[in-house]
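**Student:**
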Amino acid sequence: MTITSQQSFGQHDSGTLYLVPTPIGNLQDMTYRAVETLQNVDLIAAEDTRNTQKLLNNFDITTKQISFHEHNTQERIPELLAKLQSGMDLAQVSDAGMPSISDPGTELVAAAVDAGVPVVPLPGANAGLTALIASGLVPQPFYFYGFLNRKLSEQKLELAALAQHEETVILYEAPHRLKKTLVAIQVAVGDDRQIVLCRELTKRFEEFVRGTAAEVVQWATDNQPRGEFVVLISGNPDPQTAADERDTRLDLSVEAHVAAVIDDGLKTNDAIKQVAKARGLRKQDVYAAYHHLDEAKS
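So for the sequence shown, the UniProt record's numbering puts the first residue at 1; every next one is plus one.
1) Is DSSP giving residue 148 helix, strand or coil here?
2) Based on the DSSP output, what are the partners of residue 143 in its beta bridges?
3) Around the Cβ of residue 36, are there at least 16 other Cβ atoms within 10 angstroms (buried) or fewer (exposed)?
4) Spell out a yes or no on whether the stretch 206 to 213 and the stretch 101 to 109 are touching, meaning 3 or more CB-CB pairs, one atom from each, closer than 8 Å.
5) I need the DSSP call for residue 195, collapsed to helix, strand or coil.
6) I'd like the ranges of any alpha helix (DSSP H) spanning at least 4 consecutive residues and lying wholly in the stretch 35 to 77.
7) Helix, strand or coil: how does DSSP classify residue 117 here?
8) Which same chain residues end up closer than 6 Å to residue 167 when comparing Cβ atoms and leaving out the 5 residues on each side of it in sequence?
9) Exposed or buried, which one is residue 282 when buried takes at least 16 other CB atoms within 10 Å?
10) Answer yes or no: do residue 217 and residue 182 have a C-beta to C-beta separation smaller than 8 Å?
11) Between which two residues does the alpha helix (DSSP H) containing residue 279 stretch?
12) Rank 178, 288, 162 and 275 by C-alpha distance to the C-alpha of residue 239 and give the top, closest one.
13) Does DSSP put residue 106 in a helix, a strand or coil?
14) Report the three-state DSSP secondary structure of residue 252 (helix, strand or coil).
15) Restricting to Cα atoms, I'd like to know which of 44, 68 and 136 is closest to residue 194.
16) Give the secondary structure of residue 287 by DSSP, where H, G and I count as helix, E and B as strand, and everything else as coil.
17) Once the 5 residues before and after residue 200 are set aside, which same chain residues still bring their CB inside 7 Å of it?
18) Could you check where the beta strand (DSSP E) with residue 27 kicks off and where it finishes?
19) Taking Cβ positions, are residue 59 and residue 45 nearer each other than 8 Å?
20) How is the beta strand (DSSP E) around residue 20 delimited, first residue to last?
21) For residue 70, count the other beta carbons within 10 Å of its own beta carbon; 16 or more makes it buried, fewer makes it exposed. Which is it?
22) Report back the beta-carbon spacing between residue 15 and residue 116 to the nearest angstrom; my notes put them in contact at under 8 Å.
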């Protein structure tokens, strides 16, 4: 590994890449430094130039923009890097909040660092931390995850792992997917884990919904969620015990595993479904093993 050192300010042969946070709702959260930086750079790389133009107009910023988003990252990076190496100063912004945090920017920063281009981060608004400090949950340590995978099978695996975290977990979710995501969280963490939903942060209709997993699922059922959400899950107070119990049962025979789940209070068919899911088996195969159907045929 090669150690590198970068001094953000001073004489450089190249231009500088500035990472500029933008407000997550309330325009008054734009900092003086952010405004000045956007005014002084040669070019702004924006996630959505139309959205960013509204921000620029509000602060009388006339700097030109170039689009830089998840769908054109690979083609744009060489172009932006060439501009930086020629001496141009660039600012990179997302639609809201910190660049690179569940937003474009990571690959451009990595390319700039590899090329020896100075990267200067500006502090500013972040939805996850803003929600965390007002959530009422333990603020540190915390585990920021962002958006879950949209594929249900992958999401279940993610949530199974996140359910074991002792830290407060921070997720992002869109309003039209919120209820399904909350149901999946309830399945993963149980009915009683504390959940906090935060919507419309820094805006007029800012709202915090606090309750158990079962209660927030009911809230999402009774209401029509609107606005972007931060979802916070309280930490697991005893993660190792839950993990050990699951691992131990996987070491049992299929029949013994089903019997153990039945002992927990589940009906036979429900226990068979749960064991099939845990082991990645077909339900029919678990049913046959538990009822000794193969032996009966022989």
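For each residue, glycine too, the CB sits at the ideal point set by N, CA and C.
**Tutor:** On the basis of the data shown:
1) coil
2) In the DSSP output, where bridge partners are listed per residue, residue 143 has 169.
3) exposed
4) no
5) strand
6) Complete alpha helix (DSSP H) runs here, min 4: 49 to 58.
7) coil
8) 141, 142, 143 and 235
9) exposed
10) yes
11) 268 to 279
12) 162
13) helix
14) coil
15) 136
16) helix
17) 25, 206, 207 and 227
18) Bounds of any beta strand (DSSP E) do not take in residue 27, whose DSSP letter is neither H nor E.
19) no
20) From DSSP, residue 20 is part of no beta strand (DSSP E); its letter is neither H nor E.
21) exposed
22) With a Cβ gap of about 12 Å, residue 15 and residue 116 do not count as contacting.
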